[in-house]
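A.B. asks: Residue 36 is where the sequence shown starts when you use the working numbering, and the numbers rise one by one after that.
A virtual CB, placed ideally from N, CA and C, is assigned to each residue, including glycine.
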Amino acid sequence: MSDEIIRIGNCSGFYGDRLSAAREMVEGGEIDVLTGDYLAELTMAILFNQKLKRGDRAGYVGTFLKQLKDVAQICSDKNIKIVTNAGGLNPKSMAEDAIQLIESLDLDLKVAYITGDDLMAKIDKIKSSGEQLRNIDNQEDLFSHELPIVSANAYLGCWGIKKALDEGADIVICPRVTDAAVVMGPAAWKYQWSQDDYDKLSGSLAAGHIIECGAQATGGNYSFFKEVPTFRNIGYPIAEIYEDGSFNITKHHDTGGLVSKGTVTAQLLYEISSPQYLNPDVIGHFDTLEISEIEKNKVYVSNVKGSPPPEKLKACINLAGGYKNGMELIITGLDIEEKAKIFTDELFESLGGIEQFDDVSIQLYRTDKPNPITNEEAMATLSINVKSQDPEKVGRIFSAKIVELALANYPGWTTQSDIKQGAPFISYWPTLVDRKYVEEIVHLGSKSFLVEDATHKEVAMPEIKNFTFDEKNYGELIEIEFGRVFGTRSGDKGGCANLGVWAKNLDSYKYLHTYLTVNKFKELLPDLKGYNIERFEFSNIWSLNFYVHGLLENGVSSNNRKDGQAKSLGEYLGAKNIDFPKSMAKIR
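Encoded structure:
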């Protein structure tokens, strides 16, 4: 293996991440490429609304331009490339504004942008051809629904980014590319990988997946948070990628946070389903990779096997789902459930009946305690949410009817949410689209370059190491909280949620593998009993992943969960008591 590396730093894991992270990354130490991921599934709908309100030049992540202004001079001086997906729905306008900014700073930096992800103009053609755009989660056909389409974007891969860099671009502004593509593209450019270098690409895919959510790879949102020395000035992650696709994950010196085998494992398990991680450019087999901690705050990942990419591309379609409204009320003291029933019965009677709404969610959260010692310990929360295609039904009248009952219903009435007008919500529709409908083009100055798909060869599927799980007498068992002995990381995948679990050593993983079946998982989390849940094994990194279908309905905008993105689901499991071998118990 050559010692040559490309250092790729991340400065953003979402739209709204730390603004100063870009400058900190380029000033804090040596990197070759600065990347930022700004596009969650919901972000595309937010950018669509922005475009509606502000005009055709809007629709991109404007905060990136603020970061660019901060770092452009330093990147020019140090020859640091910049690759971002902040172009969103309007990479052309962002590129034009970036060029104007660069010129105002009197710098000579070439700005490229990529198009081709936008499918809005092609939906009718796809429909007329007789093709179906089936929802990946529930297999329903898009064209059997009448909800208006708000946005439709295919996930592009890394080859447009590589082409832009090959042609001399210093800054590459992308639309809806995969999160990992902004890392894969620079690595493919550095080493001039071909489209059938599957193992190398798969390595860079894993690297991109790990660093794309920023500080989540460096101690943020980490179950074993007590291991993190400090959260002050937490460093953002850097992937040091070798020519063979293996890589280190690290961060700048003299920054907070932690890079460890645990933080890297946690992020590998984030927002995935099976070990076969599908990408437009390659399928990464995450059940082949190996992780080792080589020094303080540096982790080495190797042996990430890859195979040819899927025939079709994933696409994110957002539909105008309708309108929704909701309020939360406080119910205090005795007879909580009776008070909640009296209120909801009277509310929907005054609104003309519960059946007039398309969907109603009534949740009573029993946070009250017996014999409370504070006013707050006597309180429960009643959450009422409604949806309708008619904005009038869920508009101000809904909130007004709740308020009208303030002096005429249960004792101690109070609310903890503002009176709202009601708002539109988005239904997320993940689907697969034929590659023939996607024409990826790189624009640089007066030139444009078409990015063509390669013909992929058949390769043997990688061999997965077999792990044996012999029956074992574990001796005395003790009751302990799950999160004291196992790590968790959870998140959203459209309307589904994933919850990854990992062990710190092989012996405890063998126990976990046997103990945490799907049935036991549902027993521990009884509110998930009604959902279809799949279990996937990552024995190479002592991990399991549970994929909960439909938990988040049609995505974060459509559901009424307190945690609409399932970010806290892992900590919920961590709080549950389990039986665990006393001989293995090392409490966090």
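Considering Phe571, what are the terminal residues of the beta strand (DSSP E) in which it resides?
C.D. replies: Segment Ile568 to Phe573, the beta strand (DSSP E) holding Phe571.
A.B. asks: Here's a check: name, in chain order, each residue in its chain whose Cβ is nearer than 6 Å to the Cβ of Cys248, leaving out the five neighbours to either side.
C.D. replies: Cβ neighbours of Cys248 beyond the five flanking positions: Gly48.
A.B. asks: How is His478 classed by DSSP in three states: helix, strand or coil?
C.D. replies: Reduced to three states, the DSSP call for His478 is strand.
A.B. asks: Which class does Phe502 belong to by DSSP, given the choice of helix, strand or coil?
C.D. replies: Correct three-state label for Phe502: coil.
A.B. asks: Just verifying my parser: in three-state terms, what is the DSSP assignment at Leu200?
C.D. replies: Three-state DSSP puts Leu200 in a helix.
A.B. asks: When the Cα atoms are used, what is the spatial distance from Asp380 to Val536?
C.D. replies: The alpha-carbon atoms of Asp380 and Val536 are separated by roughly 42 Å.
A.B. asks: With DSSP collapsed to three states, give me the class of Trp224.
C.D. replies: Here Trp224 sits in helix by DSSP.
A.B. asks: Of all the alpha helix (DSSP H) runs that stay within the bounds of the segment 143-183, which reach a length of 4 or more residues?
C.D. replies: Counting whole runs of 4 or more residues, the segment 143-183 contains the alpha helix (DSSP H) stretches 158-163.
A.B. asks: Please name the residue, chosen from Leu77, Gly565, Ala241 and Ala252, that lies closest to Leu313 on a Cα-to-Cα basis.
C.D. replies: It is Ala241 whose Cα lies nearest to the Cα of Leu313.
A.B. asks: Quick check on the DSSP output: what are the complete alpha helix (DSSP H) runs of length 4 or more inside the segment 68-99, in order along the chain?
C.D. replies: Listed in chain order, they are 76-89.
A.B. asks: Starting from the C-beta of Gly609, find all residues in its chain whose C-beta is less than 7 Å away, skip the five residues before and the five after it, and write them out in chain order.
C.D. replies: Answer for Gly609: Ser258, Glu516, Phe517, Gly518 and Thr523, listed in chain order.
A.B. asks: Nearest by alpha-carbon distance to Ser574: which of Lys436, Thr402, Pro446 and Leu304 is it?
C.D. replies: Checked all of Lys436, Thr402, Pro446 and Leu304; the closest Cα to Ser574 is Leu304.
A.B. asks: Ends of the beta strand (DSSP E) at Gly319?
C.D. replies: First-last of the beta strand (DSSP E) with Gly319: Ile318 to His320.
A.B. asks: Can you tell me where the beta strand (DSSP E) with Val473 in it begins and where it stops?
C.D. replies: From DSSP, Val473 is part of no beta strand (DSSP E); its letter is neither H nor E.
A.B. asks: Go ahead and pull the three-state DSSP assignment for Cys209.
C.D. replies: Residue state, collapsed to three classes: coil.
A.B. asks: Given that a residue counts as buried once 16 or more other Cβ atoms are within 10 Å of its Cβ, and exposed if not, what is Glu62?
C.D. replies: Glu62 should be labelled exposed.
A.B. asks: What's the gap between the Cα of Thr416 and the Cα of Glu572?
C.D. replies: Straight-line Cα distance between these residues: approximately 38 Å.
A.B. asks: Spatial neighbours of Tyr50 within its chain, please: C-beta separation below 8 Å, excluding the five flanking residues on both sides.
C.D. replies: Cβ within range, chain order: Tyr73, Leu74, Ala75, Thr78, Ile81, Val96 and Thr98.
A.B. asks: Tell me which residue opens and which closes the alpha helix (DSSP H) that Lys555 is part of.
C.D. replies: It spans Val553 to Leu559 - the alpha helix (DSSP H) in which Lys555 sits, taken as one unbroken run.
A.B. asks: Taking the alpha helix (DSSP H) that Glu62 belongs to, which residues open and close that run?
C.D. replies: From DSSP, the alpha helix (DSSP H) with Glu62 extends over Ala56 to Glu62.
A.B. asks: If we call anything under 8 Å between Cβ atoms a contact, is Glu328 one with Asn338?
C.D. replies: The answer is no: Cβ separation not under 8 Å.
A.B. asks: Round the Cβ separation of Val473 and Ala215 to the nearest angstrom and send it over; I've been treating them as touching at under 8 Å.
C.D. replies: Going by Cβ atoms, the distance from Val473 to Ala215 rounds to 18 Å, so no, they are not a contact pair.
A.B. asks: Assuming contact is defined by CB atoms lying nearer than 8 Å, are Ile276 and Ile245 in contact in what I supplied?
C.D. replies: No; because the gap between Cβ atoms is not below 8 Å, this pair is not in contact.
A.B. asks: Which partner residues of Ile389 appear in the DSSP bridge assignment?
C.D. replies: For Ile389, which the question treats as bridged, DSSP gives no partner whatsoever.
A.B. asks: Taking the C-alpha atoms as reference points, what is the distance between Lys127 and Gly71?
C.D. replies: Approximately 18 Å between the Cα atoms of the pair.
A.B. asks: With respect to the beta strand (DSSP E) encompassing Pro616, which residues constitute its N-terminal and C-terminal limits?
C.D. replies: Pro616 -> beta strand (DSSP E) spans Asn612 to Pro616.
A.B. asks: Identify the continuous beta strand (DSSP E) that holds Ile437 and give its terminal residues.
C.D. replies: Note, Ile437: premise wrong, no beta strand (DSSP E); alpha helix (DSSP H) at Arg431 to Glu439.
A.B. asks: Taking 8 Å as the cut-off, decide whether the C-beta atoms of Trp464 and Leu354 are in contact.
C.D. replies: Yes, the pair counts as a contact, with Cβ atoms nearer than the cut-off.
A.B. asks: Identify the continuous alpha helix (DSSP H) that holds Tyr546 and give its terminal residues.
C.D. replies: Here the alpha helix (DSSP H) through Tyr546 covers Leu541 to Tyr550.
A.B. asks: Looking at the structure shown, is Ala242 part of a helix, part of a strand, or coil, going by DSSP?
C.D. replies: It is helical.
A.B. asks: By Cβ distance below 6 Å, which residues in the same chain neighbour Tyr226 in space, the five residues on each side in sequence not counted?
C.D. replies: Hits under 6 Å: Glu278.
A.B. asks: Where Lys555 and Ala620 are concerned, what is the direct C-alpha to C-alpha distance, given to the nearest angstrom?
C.D. replies: Taking the straight line from one Cα to the other gives about 20 Å.
A.B. asks: Are at least three pairs of beta-carbons, each pair with one atom in the segment 589-599 and one in the segment 489-503, less than 8 Å apart?
C.D. replies: No, because fewer than three Cβ pairs between the segment 589-599 and the segment 489-503 fall closer than 8 Å, the two stretches do not touch.
A.B. asks: Do Ser281 and Gly341 have their CB atoms nearer than 8 Å?
C.D. replies: Result no, Cβ atoms of Ser281 and Gly341 do not sit closer than 8 Å.
A.B. asks: On the DSSP bridge assignment, give the partners of Ile509 in chain order.
C.D. replies: Note that residue 509 corresponds to Tyr in the displayed sequence, not to Ile. According to DSSP, which records beta bridges pairwise, Tyr509 is partnered with nothing at all.
A.B. asks: For His478, count the other beta carbons within 10 Å of its own beta carbon; 16 or more makes it buried, fewer makes it exposed. Which is it?
C.D. replies: His478 is buried by the Cβ-count criterion.
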